[in-house]
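Down below is the structure, laid out as structure tokens.
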Amino acid sequence: MAMNLDSYRGLLDDLRAEGDELAAALVEIPDERWTLPTPATGWTIHDQVVHLMHFDQLARLALRCPADFARESAAEIAAGPGWIDRISFVRRGLPPSELLEQFASGRSALLGSFADTEPTARSPWFGRPMSAASSASARLMETWAHGQDIHDAMGVSRLPSQRVRHVCHLGVLTRKYSFCINDRPEPVEDVRVELVSPEGKLWVWGPEDASNRVVGDAWDFALVVTQRRDVGQTRLTATPGPAADWLAIAQAFAGDPGRLTRSKLARS
């Protein structure tokens with residue numbers, strides 16, 4: 001079912017809030033700590049922010065000028081293995097204050113482009129074209145996930161918000177994709193997902209009578225489907241078989257398969 005305009009505006013509001021929350025946390029980090037390593041192998045806090053900023057720019061380019069996006073993305077991929085890492089590494093000399101300014105202005109421009117685009121309008125991306133609504137959801141998921149890496153690097157927790165529902169929803173939608181990229185047969189059995197939201201409400205996906213189930217905390221589920229935590233590090237429970245098999249390889253982002261290999265994240 002296509003997202004209606006009200007839901008789309010709500011999604012964009014949540015994307016803005018997710019970016020604003022991350023920016024507020026980054027402002028508090030002293031310059032010398034921007035080089036702290038994050039859980040992404042070889043990536044610093046600075047690298048994480050550059051990554052988000054760059055793919056925000058590409059998402060906006062895809063919306064506004066698909067031909068230019070096609071040329072730029074092809075050129076980046078043509079650089080060969082490690083091209084995603086190089087995006088961040090070549091900008092390591094950019095002062096944190098300038099990076100923050102560019103991240104904020106780029107996110108504002110991206111939100112403006114989303115607002116000017118119908119939610120069902122499709123634009124190119126790495127792999128299949130995406131609707132504007134799907135692209136916005138992916139940018140929110142990426143912001144949330146890379147924000148988690150940054151908070152982990154700082155050793156601080158963050159207050160869970162209802163915005164995590166978007167991450168959970170994307171995690172559910174990408175179940176079949178997770179099997180596909182791991183060269184495993186596409187699942188045919190339904191899985192019921194029951195998650196407790198940060199406000200204590202129940203969020204559900206899948207048929208009520210499904211025998212395969214994932215049950216637990218929404219924040220934990222989001223951490224697993226973005227590969228920020230292994231399922232054993234959470235309080236999630238899954239029935240043996242299709243549900244447990246899914247959580248072992250769940251991946252809500254595009255890119256190469258792999259557990260907790262953060263430098264492979266990107267093209268969501």
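Heads up: the sequence shown begins at 1 in full-length UniProt numbering, then just goes up one per residue. Glycine is no exception: its CB is placed at the ideal position from the N, C-alpha and C atoms.
> What number of angstroms, rounded off, separates the C-alpha of H51 from the C-alpha of S7?
Replying inline: Your numbering for residue 51 matches position 51 in the sequence shown. Your numbering for residue 7 matches position 7 in the sequence shown. Taking the straight line joining both Cα atoms gives about 27 Å.
>> To the nearest angstrom, how far is the alpha carbon of T44 from that of P37?
In response: Indexing the sequence shown from 1 puts residue 44 at position 44. Indexing the sequence shown from 1 puts residue 37 at position 37. In this structure, the straight-line span from the alpha carbon of T44 to that of P37 is close to 4 Å.
> Whose CA, out of A238, R122 and L12, lies closest to the CA of R139?
Replying inline: Numbered from 1 along the sequence shown, position 139 holds the residue referred to as residue 139. Among A238, R122 and L12, the Cα nearest to that of R139 belongs to L12.
> Checking contacts by CB at 7 Å: is R60 closer than that to chain C?
Replying inline: In the structure shown, chain C cannot be found, because there is only a single protein chain.
>> What does the alpha-carbon distance come out to for the pair R16 and I181?
In response: On the sequence shown, position 16 is the one that residue 16 refers to. On the sequence shown, position 181 is the one that residue 181 refers to. The straight-line gap from Cα to Cα measures roughly 30 Å.
> Which residues in the same chain have their Cβ closer than 7 Å to the Cβ of N4, if we skip the five residues on either side of it in sequence?
Replying inline: On the sequence shown, position 4 is the one that residue 4 refers to. Taken in chain order, the list of residues that qualify is empty.
> If you scan the stretch 55-89 from start to end, which runs of the alpha helix (DSSP H) of 4 or more residues do you find wholly inside it?
Replying inline: The stretch 55-89 contains these whole alpha helix (DSSP H) runs: 66-78 and 83-89.
>> With a threshold of 7 Å on Cβ separation, who are the neighbours of A104 within its own chain once the five nearest residues in sequence on each side are excluded?
In response: One-based indexing of the sequence shown puts residue 104 at position 104. Taken in chain order, the residues that qualify are A23.
>> So, for V196: in the same chain, excluding its five sequence neighbours on each side, which residues have a beta-carbon less than 8 Å away from its beta-carbon?
In response: Locating residue 196 in the sequence shown gives position 196, where the first residue counts as 1. Same-chain partners within the cutoff: L202, W203, G216, D217 and A218.
>> Can you tell me where the alpha helix (DSSP H) holding R246 begins and where it ends?
In response: Within the sequence shown, the letter at position 246 stands for residue 246. Going by the sequence as given, residue 246 is Trp instead of Arg. For W246, the enclosing alpha helix (DSSP H) begins and ends at P242 to I249.
> Nearest-angstrom Cα distance between T117 and T35?
Replying inline: Locating residue 117 in the sequence shown gives position 117, where the first residue counts as 1. Locating residue 35 in the sequence shown gives position 35, where the first residue counts as 1. It is roughly 37 Å from the alpha-carbon of T117 to the alpha-carbon of T35.
>> Out of D256, E194, A74 and L159, which one is the CA nearest neighbour of A25?
In response: On the sequence shown, position 25 is the one that residue 25 refers to. Of the listed residues, the one whose Cα sits closest to A25 is L159.
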